[in-house]
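S.K.: The structure's right below; bear with me while I get my questions together.
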Amino acid sequence: MSYHNPHTPPRKSATFDDYTLAEIRRAAATGIYDIRGAGTKRKVPHFDDLLFLGASISRYPLEGYREKCDTSVVLGTRFAKKPIYLKTPITIAGMSFGALSGNAKEALGRGATIAGTSTTTGDGGMTDEERGHSQTLVYQYLPSRYGMNPKDLRRADAIEVVVGQGAKPGGGGMLLGQKISDRVANMRNLPKGIDQRSACRHPDWTGPDDLEIKILELREITDWEKPIYVKVGGARPYYDTALAVKAGADVVVLDGMQGGTAATQDVFIENVGMPTLACIRPAVQALQDLGMHRKVQLIISGGIRSGADVAKALALGADAVAIGTAALVAIGDNDPHWEDEYKKLGTTAGAYDDWHEGKDPAGITTQDPELMKRLDPVAAGRRLANYLKVMTLEAQTIARACGKNHLHNLEPEDLCALTMEAAAMAQIPLAGTNWYPGKGGY
């Protein structure tokens, strides 16, 4: 005979928690999988699990008000006639017109230009506003080929061949019909109002040999002037980085699973790919093994939020970082100012990720003309520039504290790890030891 103490609260399953139960019921009721935007919401080892070891006696710090700490970076020095010079190593990741409003794309261009960095077009083509307000604009060349034409390739300052994305390596994106306005439909050669799914692979190659041919084709079209980036999702970073280099890339962009997306299956976002922290060291190792570290630049994206994250990524061997979700927050996404309207959509500020529905109260992830008016691209651009400035100053502060006069002089030796997982992924000693899992000894 069983006995239940009425004073003991019911115990719920850790495996079948409330969210899991709700998802099972939703799937059973609708017969469709969940679609959303943004990045993974599960907790994975990240930059917060690393700390810097500032200078004291054994290291000599730099005086912040008197001694210079350079933040500049040059991208595309391998083959391009016109490499890109940036004042800060923090770039704006590719986010498409279609997924974002025209005002949002303009704001990103304005903010990046003020800060002296680059922005990226995304899957959907190049708008005149974005080109006009972006001093340095990277043109994404995706499997969908939406909006791709030789004229815009030549108008760009660099070309990014997108093979994969952190939120969905091996998968394609989605753009629902309610966001395919007349202008979006015209730019993408799509019927207005019809759901669209981007391809998961390029139609004209099946491997790295074909990628090499495509890169040469793009160089010929642009007279070898533009740096050619290759972007991959974080899944097999060592081999993907090595193959991108062998195919002729000037820059490798590596996107971890904390990177966002406009829209894809939730099961994809949460269960495919690797944490950003786990991707960096294998990619750097590939570059080092090929003798190409710092010759082919490495850009890391996926969950970058602060100057500390920037400094940690660079200390692990990256040359620059890219931000997407954080940039949208800076220009006004998920702002509590619109909390009442977020609640009407069944969500809350900070959790809104139904970007594919096109109902964003902040006017950012929408094509609704009335909602778009809410975002002032000039004011939003200033906010983004302020945010980029603060991130750069934070990274400088850390570098000076470690005795470094350039952000690129930060190194793994400047870091320690707080957890076994982070130590293993970043190959950084656990705090208080000189050991990390896999190193051997103690």
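Numbering-wise, the numbering used here puts 267 at position 281 of the sequence shown, and it's gapless, one number per residue. Beta carbons: idealized from backbone N, C-alpha and C, even for Gly. From a predicted model like this one, the values you see are computed outputs, not experimental measurements.
What alpha helix (DSSP H) runs, 4 residues minimum, are completely inside the segment 270 to 346?
M.R.: 293 to 301, 311 to 317 and 325 to 330
S.K.: From Pro464 to Ser184, what does the alpha carbon distance come to, in whole angstroms?
M.R.: The structure shown does not extend to residue 464, since the chain is modelled only from -13 through 428, so no value can be given for it.
S.K.: How many angstroms separate the CA atom of Asn391 from the CA atom of Asn175?
M.R.: Start at 1 with the first residue of the sequence shown, and residue 391 comes out as number 405. Start at 1 with the first residue of the sequence shown, and residue 175 comes out as number 189. Taking the straight line from one Cα to the other gives about 49 Å.
S.K.: Which same chain residues, not among the five before or five after Glu92, have their C-beta less than 7 Å away from its C-beta?
M.R.: Counting from 1 along the sequence shown, the entry for residue 92 is found at position 106. Once the five neighbours on either side are set aside, the close Cβ partners of Glu92 are Glu115, Glu116, His119 and Pro363.
S.K.: For the alpha helix (DSSP H) holding Val203, just list the boundary residues, first then last.
M.R.: Residue numbering aside, residue 203 sits at position 217 when the sequence shown is read from its first letter. One point to set straight first is that residue 203 is Glu, not Val, in the sequence displayed. Judged by DSSP secondary structure, Glu203 falls within the alpha helix (DSSP H) whose first and last residues are Pro194 to Ile207.
S.K.: Grouping DSSP H, G and I as helix and E and B as strand, with all else coil, what is Cys265?
M.R.: As a working note, residue 265 is residue 279 in the sequence shown. Three-state DSSP puts Cys265 in a helix.
S.K.: Using only the alpha-carbon positions, how far apart do Leu263 and Ala408 sit?
M.R.: Start at 1 with the first residue of the sequence shown, and residue 263 comes out as number 277. Start at 1 with the first residue of the sequence shown, and residue 408 comes out as number 422. Taking the straight line joining both Cα atoms gives about 7 Å.
S.K.: Quick one, which of Lys73, Ile76 and Ala144 has its alpha-carbon nearest Phe107's?
M.R.: Here residue 107 refers to the residue found at position 121 when the sequence shown is read from its first residue. According to the sequence as given, residue 107 is Thr; it is not Phe. Comparing Cα-Cα distances from Thr107 to each of Lys73, Ile76 and Ala144, the minimum goes to Ala144.
S.K.: Measure the C-alpha to C-alpha separation of Ile290 and Val307 and round it to an integer number of angstroms.
M.R.: The residue given as residue 290 occupies position 304 in the sequence shown. The residue given as residue 307 occupies position 321 in the sequence shown. Computed Cα separation, rounded: 8 Å.
S.K.: Does Gly179 come out as helix, strand or coil in the three-state DSSP assignment?
M.R.: Here residue 179 refers to the residue found at position 193 when the sequence shown is read from its first residue. Of the three classes helix, strand and coil, the one that applies to Gly179 here is coil, per DSSP.
S.K.: Can you tell me whether DSSP reads Leu7 as helix, strand or coil?
M.R.: Numbered from 1 along the sequence shown, position 21 holds the residue referred to as residue 7. Leu7 falls in the helix class under three-state DSSP.
S.K.: Between the C-alpha atoms of Lys212 and Ala365, what's the straight-line distance to the nearest angstrom?
M.R.: Working through the sequence shown from its first residue, we reach residue 212 at position 226. Working through the sequence shown from its first residue, we reach residue 365 at position 379. Taken atom to atom, the span from the alpha-carbon of Lys212 to that of Ala365 is near 31 Å.
S.K.: Here's the rule: buried if 16 or more other CB atoms are within 10 angstroms of the residue's CB, otherwise exposed. What is Ala387?
M.R.: By one-based count along the sequence shown, residue 387 stands at place 401. It counts as buried.
S.K.: Going by the DSSP bridge assignment, what does Val170 pair with across the sheet?
M.R.: As a working mapping, residue 170 is identified with position 184 in the sequence shown. As far as DSSP is concerned, Val170 takes part in no beta bridge.
S.K.: Which same chain residues end up closer than 8 Å to Met160 when comparing Cβ atoms and leaving out the 5 residues on each side of it in sequence?
M.R.: Here residue 160 refers to the residue found at position 174 of the sequence shown. Within the same chain, Met160 has close Cβ partners Ile21, Asp181, Gln182, Arg183, Ser184, Ala248, Ala249, Thr250 and His342.
S.K.: Answer yes if the segment 347 to 361 comes into contact with the segment 268 to 278, meaning at least three C-beta pairs across the two stretches below 8 Å, and no otherwise.
M.R.: Of all C-beta pairs linking the segment 268 to 278 to the segment 347 to 361, fewer than three are shorter than 8 Å, placing the two stretches out of contact.
S.K.: Could you give the distance in angstroms between the alpha-carbon of Asp400 and the alpha-carbon of Ala294?
M.R.: Here residue 400 refers to the residue found at position 414 when the sequence shown is read from its first residue. Here residue 294 refers to the residue found at position 308 when the sequence shown is read from its first residue. Between Asp400 and Ala294, the alpha-carbon positions lie close to 13 Å from each other.
S.K.: Near Thr334, which residues of its chain fall below 8 Å by C-beta distance, leaving aside the five closest residues on each side in sequence?
M.R.: Here the question's residue 334 lines up with position 348 in the sequence shown. Correct list, in chain order: Glu325 and Tyr328.
S.K.: Which residues mark the beginning and the end of the alpha helix (DSSP H) in which Gly50 is found?
M.R.: As a working note, residue 50 is residue 64 in the sequence shown. Looking at the DSSP string, Gly50 is not in any alpha helix (DSSP H), and its letter there is neither H nor E.
S.K.: Take Thr417 and list the residues in its own chain whose beta-carbon comes closer than 8 Å to its own, dropping the five residues that flank it on each side.
M.R.: Walking along the sequence shown from the start, residue 417 turns up at place 431. According to the sequence shown, residue 417 is Ala rather than Thr. Result list for Ala417: Leu37, Cys402, Ala403 and Leu404, in chain order.
S.K.: Below 6 Å CB to CB, which residues in the same chain sit around Tyr71 once its five sequence neighbours on both sides are set aside?
M.R.: Here residue 71 is taken as the residue at index 85 of the sequence shown, counted from 1. Cβ within range, chain order: Val60.
S.K.: What does the Cβ neighbour count give for Glu146, buried or exposed, with the cut at 16 atoms within 10 Å?
M.R.: Along the sequence shown, read from residue 1 onward, the residue named residue 146 stands at position 160. Classification of Glu146: buried, given that the 10 Å Cβ count is 16 or more.
S.K.: Please determine, among Asn89, Val239 and Leu139, the residue with the shortest C-alpha to C-alpha distance to Asp209.
M.R.: On the sequence shown, residue 209 is found 223 positions in, with the first residue counted as 1. Among Asn89, Val239 and Leu139, the Cα nearest to that of Asp209 belongs to Leu139.
S.K.: Give the single residue among Thr113, Leu94, Gln382 and Met112 whose Cα lies nearest to the Cα of Thr105.
M.R.: Stepping through the sequence shown from its first residue, residue 105 is reached at position 119. Ranking Thr113, Leu94, Gln382 and Met112 by Cα distance to Thr105 puts Leu94 first.
S.K.: Phe254 lies in the alpha helix (DSSP H); which residues open and close that run?
M.R.: The count along the sequence shown starts at 1 and reaches residue 254 at position 268. Segment Asp252 to Asn257, the alpha helix (DSSP H) holding Phe254.
S.K.: Name the residue from Ala228, Asn172 and Ala301 whose alpha carbon lies nearest to the alpha carbon of Asp195.
M.R.: Reading the sequence shown from its first residue, position 209 is the one you call residue 195. The residue with the shortest Cα to Cα distance from Asp195 is Ala228.
S.K.: Assuming Leu300 contacts Pro69 under a Cβ cut-off of 8 Å, what Cβ separation, rounded to an integer in Å, is found between them?
M.R.: Position 314 of the sequence shown holds residue 300. Position 83 of the sequence shown holds residue 69. The pair is not a contact, with the Cβ atoms about 18 Å apart (cut-off 8 Å).
S.K.: Starting from Lys217, follow the beta strand (DSSP E) in both directions and report where the run begins and ends.
M.R.: Position 231 of the sequence shown, counted from the first residue, corresponds to residue 217. From DSSP, the beta strand (DSSP E) with Lys217 extends over Ile214 to Gly219.
S.K.: Buried or exposed, going by whether 16 or more other CB atoms sit within 10 Å of the CB of Gln244?
M.R.: Position 258 of the sequence shown, counted from the first residue, corresponds to residue 244. When all chains shown are included, Gln244 counts as buried.
S.K.: Given this structure, state the Cα-to-Cα distance separating Gly133 from Lys67, to the nearest angstrom.
M.R.: For the purposes of this step, residue 133 is identified with residue 147 of the sequence shown, where counting begins at 1. For the purposes of this step, residue 67 is identified with residue 81 of the sequence shown, where counting begins at 1. Cα to Cα, the separation comes out at about 25 Å.
S.K.: Alpha carbon to alpha carbon, what distance is there between Gly97 and Ile414?
M.R.: Counting from 1 along the sequence shown, the entry for residue 414 is found at position 428. Counting from 1 along the sequence shown, the entry for residue 97 is found at position 111. One Cα belongs to Ile414, the other to Gly97, and the distance between them is close to 34 Å.
S.K.: Take Met423 and list the residues in its own chain whose beta-carbon comes closer than 8 Å to its own, dropping the five residues that flank it on each side.
M.R.: Along the sequence shown, one-based indexing puts residue 423 at 437. The sequence as given places Pro at residue 423; Met does not occur at that position. Only Met406, Ala409 and Ala410 meet the Cβ criterion.
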